[in-house]
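In the numbering used here, the protein residues as written are 9 to 292.
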Amino acid sequence: RYQLVAQGQFRILKVPLGFIKVLQWFFAIFAFSTCGSYSGMFKMAVECKNRTESNLAIQVEFEYPFRLHQVYFDAPTCKDRATDRIFLVGDYSSSAEFFVTIGVFAFLYSTAALSIYVFFYDKYKENNKGPLIDLGVTAVFAFMWLVSSAAWAKGLSDVKTATDPDEVITLIDACEKKENSCREVHDPVMSGLNTSVAFGFINLVLWAGNLWFVFKETGIIAPFMRAPPPEGKPAPDAYAQQGTYEQDPYASNQGGYQPEFNQQGYNQVSYGQQGAPTSFSNQM
């Protein structure tokens with residue numbers, strides 16, 4: 009095992025198959041952590057005609073898994089200093105918990121797959137079973153990310169509506185009377201939940217895109233990607249049948265280059281084997 013690591017088995021993380029799996033591992037953590045660890049708060053103010061009965065700092069806290077129908081606060085009735093217990097509306101735990109569950113399982117599978125890629129890649133490729141299983145699981149997770157991200161996006165929209173202070177004020181009976189004044193003081197911060205939805209769809213893109221690279225590992229497409237044999241390729245002995253290559257007419261075995269100029273109006277010069285002129289003749 010140590011020898012495998014020493015020999016650089018981590019190089020699988022540099023190719024698309026392993027590198028995308030690392031991205032899936034990170035973004036799965038971001039997705040379920042930003043949603044599962046969320047807690048929010050908003051504030052409202054109820055000002056009664058009789059100021060002594062007012063409550064200008066009603067604070068409402070809520071958190072994952074967003075069972076808002078269990079969240080309540082006490083609002084003044086503006087009558088004899090009595091209060092009325094108000095519950096928020098809606099239960100959005102199903103979409104939130106489904107989204108977080110998919111994120112956790114995607115994280116666990118990515119961890120297991122990376123371990124197999126690094127330490128047992130030969131067994132992973134053996135008999136093609138590993139790539140086929142990997143392809144099936146990757147396809148399932150790609151579909152689950154689509155469903156869970158869409159469901160959580162709709163659930164988040166409903167959570168925003170149910171926790172909007174302007175909407176919650178309509179649940180307070182004292183706010184329906186004109187002599188009383190109700191207003192929001194602080195809106196809930198939803199940036200973390202918006203980020204979780206974005207991470208969900210990023211995971212969808214990663215898992216769907218990884219299908220191609222896992223599919224290539226199965227070898228199913230390999231026979232169809234072989235290049236056809238080249239046409240018109242000469243036989244191996246074609247050159248042998250033609251004999252030796254034609255000798256360079258400007259080369260000489262012993263004397264090297266021996267040009268001979270013979271033209272009227274110029275001297276004829278001939279060179280010997282050692283390159284020294286041997287005779288001169290004038291044709292003029």
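C-beta: ideal position from N, C-alpha, C; glycine also. The structure presented is a predicted model; accordingly, all values stated were derived computationally and were not measured.
Asked	Found
Assuming F70 contacts T171 under a Cβ cut-off of 8 Å, what Cβ separation, rounded to an integer in Å, is found between them?	6 Å
State whether the region 168-183 contacts the region 128-139, with contact taken as three or more CB pairs (one from each stretch) at a distance under 8 Å.	no
How long is the line joining the alpha carbons of I124 and I210, rounded to whole angstroms?	24 Å
Relative to the C-alpha of E187, which candidate in T85, C43, G44 and L31 has its C-alpha closest?	T85
Can you name the start and end residues of the alpha helix (DSSP H) that V126 belongs to?	S101 to F127
Would you check if the distance between the CB atom of L212 and the CB atom of S157 is smaller than 7 Å?	yes
Considering only C-alpha positions, which residue in the set N218, Y72, K51 and F74 is nearest to V148?	N218
So, helix, strand or coil for N63, using DSSP?	strand
Residue range of the alpha helix (DSSP H) that C43 falls in?	P24 to G44
Could you check where the beta strand (DSSP E) with D82 kicks off and where it finishes?	Y80 to P84
L25 to V145, Cα distance in whole Å?	14 Å
Considering only their Cβ atoms, is the gap separating Y72 from F95 smaller than 7 Å?	no
Using only alpha-carbon positions, find the residue among S103, V68, T60 and T226 that is nearest to K87.	T60
Grab me the residues of F207's own chain with a C-beta within less than 6 Å of its C-beta, minus the 5 sequence neighbours each way, in chain order.	F35, F38 and A39
With a threshold of 16 other CB atoms inside 10 Å of the CB of Q250, please say whether the residue is buried or exposed.	Note that Q250 scores 46 on pLDDT, short of 50, meaning its location in the model is unreliable; the coordinates nonetheless yield the value given after this. Label assigned to Q250: exposed.
Thinking C-alpha only, which one of M49, T119 and T42 is nearest I28?	T119
Between the beta-carbon of V23 and the beta-carbon of F50, is there less than 7 Å?	no
In this structure, does DSSP put I94 in helix, strand or coil?	strand
Quick one, which of F223, R75, E105 and V54 has its alpha-carbon nearest W153's?	E105
Please report the straight-line C-alpha distance between A216 and Q32, rounded to a whole angstrom.	11 Å
What is the rounded straight-line gap between the Cα of K185 and the Cα of V155?	44 Å
For G227, does the three-state DSSP call read helix, strand or coil?	coil
Am I right that Y129 and I20 are in contact with their C-beta atoms under 8 Å? What's the rounded C-beta distance?	6 Å
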